[in-house]
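K.L.:
Residue numbers (our numbering), protein chains in the order written: chain S, 28 to 554; chain A, 257 to 381.
Dropping a structure here in structure tokens format, bear with me for questions.
As structure tokens, this is what we get:
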């Protein structure tokens, strides 16, 4: 007998059952999704939401010390109509926030529904405001750039005085894109070295009543700037504590520039240490006669010309190289273009467009050309570090970053011997530090005002390198118009050289540089 | 009869599934709220730590400590002269000079108050 076809009711039952099965299958799938799968996705989404919004990143020194950070602050607004007693509210808010009570009282009595009470108050002040128990107060979260250490202000720079403002000077401007993207900047600066340099400069500037002082500590193998300090006399007109004079100002540095003339002469074998030159009665070139500030012997050897800093002798040595060779040499050392680093502050060097014999002679002893101290130390580092190019940087680096060979290693070695001779036998005696063989060169340059060199206005400097047998660090210090007890006592040998020695004595242990091995031996008679 | 029992069983199972689904959903919502609250607290603590770190750097500034040391401890800036490093010191029982030759130092370090003390350099290579 054939099966009966399903009735309408039976078909409907089957369809309804099918729908129920589908619905509950969906419920089962959704259950598994919520209980197992979605819980994993939710935790990751929540974790992402838990990260703080991106603010301007920190700036740190090479050891991780904080130099700049965005801190939370609040702008305080009030709705005066919510106050029970506007005068009392003005008084309480003025006491806590430090704003003018009169201004607040006038604002609360006016027609405005919404009054700005104070901008950028700290979280501590916010707590105090909340403890007043006043209604109608609103806090708008904001950020403020905070600089815990002011010692490196000319290098760090600053941002606009608004929340989230961009950098307008120094590292803040140079690395603005990186900091805005939330990536911290680890600088090459060592704040221990920075403070030591700054303190020594401050004491010496005050001692000699100098108009300004500056210093740089540079790693000659990596180009890292460990410290850069600029100080000015606050009583002088035009005082600007944020100006980075070591990177942004050109100076005629004087005799420290002789390093380059001697290096070129040794590189080209136009002199040896013992080559003699007549210097006693000055050196006549064209219608000019170059004299020395101090009395010099009639004839001097090249090494003594550098040690005693004779301009007449150096001019003759520079002329052996000639204008074209000298210009190319200085160009190769980077002294004829501005130095590019991570900070925007820089200055183009000033040098003569017509570079003849007279210019060659004067540039040889550091006059007639103006460069920034940063450009000078970079070139000097290239002379002493084996003769290889370096690029100065304010970011922490790892490893040796010396580049191409720009002078022979032998020349660099001879120059190091000469610089050590300057300290042991010449004008740099006061820069020596027991245990650290310091080499260096003094510079006492008469300043040029209105086209005339002024005898009693000096720019004294000292460029020190240590340890001289295997140089690692270069210390450059500069004093603008120091005043000594006499004209001689204002020279670099008595002002800048001891300053450099003092800095080296303090920073060498911080730099973990062991001195030459010494063993104290008691003299006879001691037990 | 069996079909009816099975029917009641699966209807009951469906009802329990709905309840379980609702419970899981509600627990998730509550957990998310608690998590958000904890994350706000963490953010607040991070902010406080950030402020404290900055404040610590400010009070630990070498210039500030120097001023305090001079004002309250009477200490002054003294010259530093590191004569040797720790690694160079001879160990107990060692001959400090071994067989190395003794050389004169490049200069004599000033020794205040003890003019009889001389310094020499020992080559320890």
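Glycine included, C-beta positions come from ideal geometry on N, C-alpha and C.
Fair warning: this is a prediction, and the values are worked out from it, not measured in the lab.
Mapping DSSP to helix, strand and coil, what is residue 52 of chain S?
P.N.:
Against the first chain, residue 52 of chain S aligns to sequence position 25. Helix at residue 52 of chain S.
K.L.:
Give a yes or no on whether the minimum CB-CB distance between residue 58 of chain S and chain A is below 7 Å.
P.N.:
Reading the first chain from its first residue, position 31 is the one you call residue 58 of chain S. Yes, residue 58 of chain S counts as interfacial toward chain A.
K.L.:
Alpha carbon to alpha carbon, how far is residue 396 of chain S from residue 308 of chain S?
P.N.:
Stepping through the first chain from its first residue, residue 396 of chain S is reached at position 369. Stepping through the first chain from its first residue, residue 308 of chain S is reached at position 281. Roughly 25 Å separates the two Cα atoms.
K.L.:
Between the C-alpha atoms of residue 56 of chain S and residue 276 of chain A, what's the straight-line distance to the nearest angstrom?
P.N.:
By one-based count along the first chain, residue 56 of chain S stands at place 29. By one-based count along the second chain, residue 276 of chain A stands at place 20. Going by the C-alpha atoms only, they are around 13 Å apart.
K.L.:
Can you look up residue 102 of chain S in the DSSP assignment and give me helix, strand or coil?
P.N.:
Walking along the first chain from the start, residue 102 of chain S turns up at place 75. Residue 102 of chain S falls in the strand class under three-state DSSP.
K.L.:
Can you pull the chain S neighbours of residue 285 of chain A, defined as C-beta to C-beta under 8 Å?
P.N.:
Stepping through the second chain from its first residue, residue 285 of chain A is reached at position 29. Simply none; closest approach about 10 Å.
K.L.:
Would you call residue 260 of chain A buried or exposed, if buried means 16 or more other Cβ atoms sit within 10 Å of its Cβ?
P.N.:
Here the question's residue 260 of chain A lines up with position 4 in the second chain. Classification for residue 260 of chain A: exposed.
K.L.:
Can you tell me whether residue 413 of chain S is buried or exposed, with buried defined as 16 or more other CB within 10 angstroms of its CB?
P.N.:
Position 386 of the first chain holds residue 413 of chain S. That one is buried.
K.L.:
Does the beta carbon of residue 77 of chain S come closer than 7 Å to any beta carbon on chain A?
P.N.:
In the first chain, counting from the first residue as 1, residue 77 of chain S sits at position 50. For residue 77 of chain S, the predicted model reports a pLDDT of 40, less than 50, meaning its position is unreliable and no value from the coordinates is stated.
K.L.:
For residue 313 of chain A and chain S, any beta-carbon pair shorter than 7 Å?
P.N.:
Position 57 of the second chain, counted from the start, is the residue given in the question as residue 313 of chain A. So, interface residue.
K.L.:
Straight-line CA distance for residue 134 of chain S to residue 142 of chain S?
P.N.:
For the purposes of this step, residue 134 of chain S is taken as the residue at position 107 of the first chain. For the purposes of this step, residue 142 of chain S is taken as the residue at position 115 of the first chain. Cα to Cα, residue 134 of chain S sits roughly 7 Å from residue 142 of chain S.
K.L.:
Check the Cβ-Cβ distances between residue 154 of chain S and every residue of chain A, and say whether any is below 7 Å.
P.N.:
Working through the first chain from its first residue, we reach residue 154 of chain S at position 127. Cβ-Cβ to chain A under 7 Å: no for residue 154 of chain S.
K.L.:
Roughly how many angstroms lie between the CA atoms of residue 192 of chain S and residue 186 of chain S, to the nearest whole one?
P.N.:
As a position in the first chain, residue 192 of chain S is number 165, starting the count at 1. As a position in the first chain, residue 186 of chain S is number 159, starting the count at 1. Distance between the alpha carbons of residue 192 of chain S and residue 186 of chain S: 6 Å.
K.L.:
Listed from N- to C-terminal order along the chain, which residues in the segment 275-305 of chain A have their beta-carbon within a distance smaller than 8 Å of any beta-carbon of chain S?
P.N.:
Going along the segment 275-305 of chain A in chain order, one finds 276, 277, 280, 281, 284, 288, 291, 292, 295, 298, 299, 302, 303 and 304 with a Cβ nearer than 8 Å to chain S.
K.L.:
Could you give the first and the last residue of the continuous beta strand (DSSP E) run that contains residue 507 of chain S?
P.N.:
Looking up residue 507 of chain S in the first chain gives position 480. Per DSSP, residue 507 of chain S belongs to the beta strand (DSSP E) from 500-507.
K.L.:
Would you please state the rounded distance, in angstroms, between the beta carbons of residue 419 of chain S and residue 242 of chain S? I believe it to be under 8 Å.
P.N.:
Reading the first chain from its first residue, position 392 is the one you call residue 419 of chain S. Reading the first chain from its first residue, position 215 is the one you call residue 242 of chain S. The pair is not a contact, with the Cβ atoms about 14 Å apart (cut-off 8 Å).
K.L.:
Cβ atoms of residue 221 of chain S and residue 264 of chain S: under 7 Å apart, would you say?
P.N.:
Position 237 of the first chain, counted from the first residue, corresponds to residue 264 of chain S. Position 194 of the first chain, counted from the first residue, corresponds to residue 221 of chain S. No, they are not a contact pair.
K.L.:
Using Cβ-Cβ distances below 8 Å, what residues of the segment 318-332 of chain A are close to chain S?
P.N.:
For the segment 318-332 of chain A, which is checked against every Cβ of chain S, the residues closer than 8 Å are 318, 319 and 322.
K.L.:
Would you say residue 62 of chain S reaches chain A, if we count a Cβ-Cβ gap shorter than 7 Å as a contact?
P.N.:
As a working mapping, residue 62 of chain S is identified with position 35 in the first chain. With 7 Å as the cut-off, residue 62 of chain S counts as an interface residue toward chain A.
K.L.:
Let me see if you follow: with CB-CB separation under 7 Å, is residue 307 of chain A close to chain S or not?
P.N.:
Counting from 1 along the second chain, the entry for residue 307 of chain A is found at position 51. With 7 Å as the cut-off, residue 307 of chain A counts as an interface residue toward chain S.
K.L.:
In chain S, which residues lie less than 8 Å from residue 271 of chain A when you measure between Cβ atoms?
P.N.:
As a first step, residue 271 of chain A must be located in the second chain, where it is residue number 15. Those within 8 Å of residue 271 of chain A in chain S number zero; the least Cβ separation is about 10 Å.
K.L.:
Starting from residue 485 of chain S, trace the beta strand (DSSP E) both ways and give me its first and last residue.
P.N.:
On the first chain, residue 485 of chain S is found 458 positions in, with the first residue counted as 1. Per DSSP, residue 485 of chain S belongs to the beta strand (DSSP E) from 479-493.
K.L.:
Do the CB positions of residue 238 of chain S and residue 507 of chain S come within less than 7 Å of each other?
P.N.:
Counting from one through the first chain, the residue named residue 238 of chain S turns up at place 211. Counting from one through the first chain, the residue named residue 507 of chain S turns up at place 480. Yes, the Cβ-Cβ distance between residue 238 of chain S and residue 507 of chain S is below 7 Å.
K.L.:
So what does DSSP say about residue 261 of chain A, is it helix, strand or coil?
P.N.:
Working through the second chain from its first residue, we reach residue 261 of chain A at position 5. Reduced to three states, the DSSP call for residue 261 of chain A is helix.
K.L.:
When the distance is taken between beta carbons, is residue 100 of chain S closer than 7 Å to residue 120 of chain S?
P.N.:
For this step, residue 120 of chain S is matched to residue 93 along the first chain. For this step, residue 100 of chain S is matched to residue 73 along the first chain. Not closer than 7 Å, so no.
K.L.:
How far does the alpha helix (DSSP H) with residue 323 of chain S in it reach, from first residue to last?
P.N.:
The sequence position of residue 323 of chain S within the first chain is 296, counting from 1. Per DSSP, residue 323 of chain S belongs to no alpha helix (DSSP H) and is neither H nor E.
K.L.:
Could you have a look at residue 224 of chain S and say whether DSSP puts it in helix, strand or coil?
P.N.:
Walking along the first chain from the start, residue 224 of chain S turns up at place 197. Three-state result, residue 224 of chain S: helix.
K.L.:
Which runs of the beta strand (DSSP E) at least 3 residues long sit entirely within the segment 133-187 of chain S? Give them in chain order.
P.N.:
Listed in chain order, the complete beta strand (DSSP E) runs (minimum 3 residues) inside the segment 133-187 of chain S are 142-148 and 164-173.
K.L.:
Could you check how far apart the C-beta atoms of residue 329 of chain S and residue 299 of chain S are, in whole angstroms? I think they sit under 8 Å.
P.N.:
Walking along the first chain from the start, residue 329 of chain S turns up at place 302. Walking along the first chain from the start, residue 299 of chain S turns up at place 272. Rounded, the Cβ-Cβ distance is 7 Å, consistent with contact.
K.L.:
Kindly indicate which residue of S:424, S:167, S:279 and S:219 has the alpha-carbon position closest to the one of residue 592 of chain S.
P.N.:
The structure shown has nothing for residue 592 of chain S, since chain S only spans 28 to 554.
K.L.:
So, is the C-beta of residue 96 of chain S closer than 7 Å to a C-beta in chain A?
P.N.:
By one-based count along the first chain, residue 96 of chain S stands at place 69. It does: the Cβ of residue 96 of chain S has a partner Cβ on chain A nearer than 7 Å.
K.L.:
Leaving out the 5 sequence neighbours to the left and right, which residues in its chain are closer than 7 Å to residue 408 of chain S when beta-carbon positions are compared?
P.N.:
Residue numbering aside, residue 408 of chain S sits at position 381 when the first chain is read from its first letter. Closer than 7 Å at the Cβ level, and outside the excluded window around residue 408 of chain S, lie 245, 247, 417 and 501.
K.L.:
Taking the straight line between their C-alpha atoms, what separation do you get for residue 115 of chain S and residue 131 of chain S?
P.N.:
Mapped onto the first chain, residue 115 of chain S falls at position 88. Mapped onto the first chain, residue 131 of chain S falls at position 104. Whole-angstrom Cα-Cα distance: 11 Å.
K.L.:
By the DSSP assignment, the alpha helix (DSSP H) with residue 246 of chain S in it spans what residues?
P.N.:
As a working note, residue 246 of chain S is residue 219 in the first chain. That residue, residue 246 of chain S, is in no alpha helix (DSSP H); its beta strand (DSSP E) goes 239-246.
K.L.:
Could you spell out the range, first to last residue, of the alpha helix (DSSP H) harbouring residue 325 of chain A?
P.N.:
The residue labelled residue 325 of chain A in the question sits at position 69 within the second chain. Element bounds for residue 325 of chain A: n/a, residue is neither H nor E.
K.L.:
Can you tell me whether residue 278 of chain S is helix, strand or coil according to DSSP?
P.N.:
Sequence index remark: in the first chain, residue 278 of chain S carries index 251 (1-based). Correct three-state label for residue 278 of chain S: strand.
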